[in-house]
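Visitor:
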Amino acid sequence: MKKHYLLTPGPTPIPLEVALKEALPIFHHRTNEFVTIYKDIAEGLKYVFQTKNEVYTVASSGTGAMEIAVTNLLSLGDEIMVASCGNFGDRWIKIAEGYGVKVISVLVKWGKVVKPADIERVLKVNPNIKAVYVTLTETSTGVVNDIKVIGEIVSKTNAVLVVDAVSGLVGQEFRTDDWKVDVVISGSQKGLMLAPGLAFIVLSDKAWALAESSKIPKFYFDIKKYKKSYGVNETPFTPPVTLILALQESLRLIKERGLENMWNDYKLLAKAARAGMKALGLKLFGEAPCNVVTVACVPVEIGCRIVKILREKYGVSIADGQGDLKGKIIRFAHMGYIGKVDLLVGFACLEMVFAELGVNIEKGKAVAAVEEELLKA
Ligand SMILES: *Cc1c(COP(=O)(O)O)cnc(C)c1O
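According to my numbering, the residues represented by the sequence shown are 1028 to 1404, in order.
This is how it looks when you write it as structure tokens:
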């Protein structure tokens, strides 16, 4: 028997109040009961996304909403730009190419952020670009892109801006309407503190105009079906009803704390986690670190073993690197239902693992550094 601590960048732990909703009896979704819940959720989602537009809920993981944002805006042979700085940015390229869309990739080295000036330049020489796809917080490298500036640039063109906010929503300041973002997608298992299984998408009027002419074949992921059902407070297909109840509860908790307060809470956790990594003698990875996951470079000889020992011996799960970064970085999440005490647990255990691996560290130093930052709040 081992107590488990989930400190991974998705899925994240979920509050007990939310988890209990999933244990409630299954009820039917074509009922007044569901309509009441659905209306409440509609308002809550608008708040979390900071938009006045309708936010559609789809039963799928976050990638399903990414797929919707490709298949519903475009047609075969259309040209788009993907500005990517990591694994999740690259996923836009794979989805679009899978559907026969022409992709102009604007890539930076992993660890760097997308350069708004590059987006501006590429849009100027390629006026046919229908949409620009970017990521808010790039979970694979821990950086945050400047969506506000990118929104300003793209809004002056005919292209729509599509943002993957799966890991960033709730944890990182993000304002759909104010920042002139046309399409935002997200998922349930990260900042929203829910089990995996729900995806979300919001579209601006500019994006809807594009959606009207989209010819890529689709059925389950046809956003027009979701729009039509939304009008009568329903979903086109059977929703995961208890997960919807859980969503209502998590949205209530977020509202209770206040979105801006939550942004600040994660900002503090991120600061503390960075201090902890430095005190462990690790170099932080990437420029512009985000507030939902802290990424640090680890010696290659012990890279893979840290994550394994941490989980097997102490029941603490953090994440390894993806792709070329495997074994070279560790990713310590502070998104969703991860709080101050979890940070202390994580860093105390990291110290023990480092000691076991023969790394010369001073026990308690990282924990003290984390405490120091947390006490400043
Ligand atoms: C987790 C994540 C996704 C989606 O992953 P799913 O496994 O499909 O839910 C997409 N983008 C980013 C940035 C993510 O962190």
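Note that beta-carbon positions come from the ideal geometry of N, C-alpha and C, so glycine has one too.
(1) Compute the minimum distance between the beta carbon of V1171 and the heavy atoms of ligand 1, and state whether it is under 6 Å.
(2) Going by other Cβ atoms of all chains shown within 10 Å of its Cβ, with 16 needed for buried, is V1208 buried or exposed?
(3) On the CB-based measure, 16 or more other CB atoms within 10 Å of its CB, does E1287 come out buried or exposed?
(4) Nearest-angstrom Cα distance between A1192 and S1213?
(5) With a threshold of 7 Å on Cβ separation, who are the neighbours of T1039 within its own chain once the five nearest residues in sequence on each side are excluded?
(6) Below 8 Å on the Cβ atoms is my contact criterion, and I expect V1109 with I1120 to pass it. Report the Cβ-Cβ distance as a whole number of Å.
(7) Inspect the CB distances between the segment 1386-1395 and the segment 1345-1358 and report whether three or more fall short of 8 Å.
(8) What are the start and end residues of the beta strand (DSSP E) that includes R1358?
(9) What are the uninterrupted segments assigned as beta strand (DSSP E) that are 3 or more residues long and contained completely in the segment 1337-1385, given in chain order?
(10) Give me, in chain order, the residues of the same chain whose beta-carbon lies closer than 8 Å to that of L1307; leave out the 5 immediate sequence neighbours on both sides.
(11) Using DSSP with H/G/I as helix, E/B as strand and the rest coil, what is V1397?
(12) Distance, Cα to Cα, V1167 vs V1045?
(13) Taking just the CA atoms, how far does F1201 sit from I1329?
(14) Anyone know if the C-beta pair for A1186 and A1158 falls short of 7 Å?
(15) For the 8 Å Cβ check, are there 3 or more pairs between the segment 1078-1086 and the segment 1221-1240?
(16) Would you kindly check if the distance between the Cβ of I1068 and the Cβ of L1274 is under 7 Å?
(17) Can you tell me where the beta strand (DSSP E) with K1464 in it begins and where it stops?
(18) Of the choices G1258, V1368, Y1341 and V1320, whose alpha-carbon is the least far from that of I1356?
(19) Taking only runs that begin and end inside the segment 1191-1271, name each unbroken alpha helix (DSSP H) of 4 or more residues, in chain order.
(20) Do three or more CB pairs link the segment 1113-1132 to the segment 1235-1242 at distances below 8 Å?
(21) Which residues bound the beta strand (DSSP E) around Y1160?
(22) Is S1194 near ligand 1, with its Cβ less than 6 Å from a heavy atom?
(23) In whole angstroms, what separates the C-alpha of E1383 from that of G1116?
(24) Just to check, is the beta-carbon of D1347 closer than 6 Å to a non-hydrogen atom of ligand 1?
(25) Which residues bound the beta strand (DSSP E) around Y1074?
(26) Once DSSP output is grouped into helix, strand and coil, what is the label at A1422?
(27) In the DSSP assignment, the beta strand (DSSP E) including Y1126 goes from what residue to what residue?
Guide: In terms of the structure at hand:
(1) Outside the cutoff, so no.
(2) Label assigned to V1208: buried.
(3) Note on E1287: under 16 other CB atoms within 10 angstroms of its CB, so exposed under the neighbour-count rule.
(4) Each residue's Cα considered, the two are about 5 Å apart.
(5) Excluding positions up to five away in sequence, the list reads L1033, Q1216, K1217, M1220, A1360, M1362, G1363, Y1364 and I1365.
(6) Between V1109 and I1120, the beta carbon gap of about 5 Å places them in contact (Cβ cut-off 8 Å).
(7) Contact between the segment 1386-1395 and the segment 1345-1358 is absent, because fewer than three Cβ pairs lie under 8 Å.
(8) From DSSP, the beta strand (DSSP E) with R1358 extends over I1356 to A1360.
(9) Entirely contained in the segment 1337-1385, the beta strand (DSSP E) runs reaching 3 residues are, in chain order, 1356-1360.
(10) So the qualifying residues of the chain are A1323, F1374, L1377, E1378, F1381, I1388, K1392 and A1393.
(11) Of the three classes helix, strand and coil, the one that applies to V1397 here is helix, per DSSP.
(12) In the sequence as presented, Val is not what sits at residue 1167; that position holds Ser. Those two C-alpha atoms are separated by around 27 Å.
(13) Roughly 36 Å separates the two Cα atoms.
(14) Contact flag set, yes.
(15) Contact between the segment 1078-1086 and the segment 1221-1240 is present: 3 or more CB-CB pairs across the two stretches fall below 8 Å.
(16) The answer is yes: Cβ separation under 7 Å.
(17) The structure shown does not extend to residue 1464, since the chain is modelled only from 1028 to 1404, so the question has no answer here.
(18) Minimum Cα distance to I1356 is reached at V1320.
(19) The segment 1191-1271 contains these whole alpha helix (DSSP H) runs: 1232-1240 and 1250-1257.
(20) Inter-segment contact for the segment 1113-1132 and the segment 1235-1242 is absent: fewer than three beta-carbon pairs are separated by less than 8 Å.
(21) Residues A1158 to T1162.
(22) Under cutoff, so the answer is yes.
(23) Approximately 36 Å, taken between the alpha carbons.
(24) Flag unset: Cβ of D1347 not near ligand 1.
(25) It is not in any beta strand (DSSP E) - Y1074 instead sits in the alpha helix (DSSP H) that spans N1059 to F1076.
(26) With the chain represented from 1028 up to 1404, any question about residue 1422 goes unanswered, as that position is not in the structure.
(27) First-last for Y1126: undefined, no H or E at that position.
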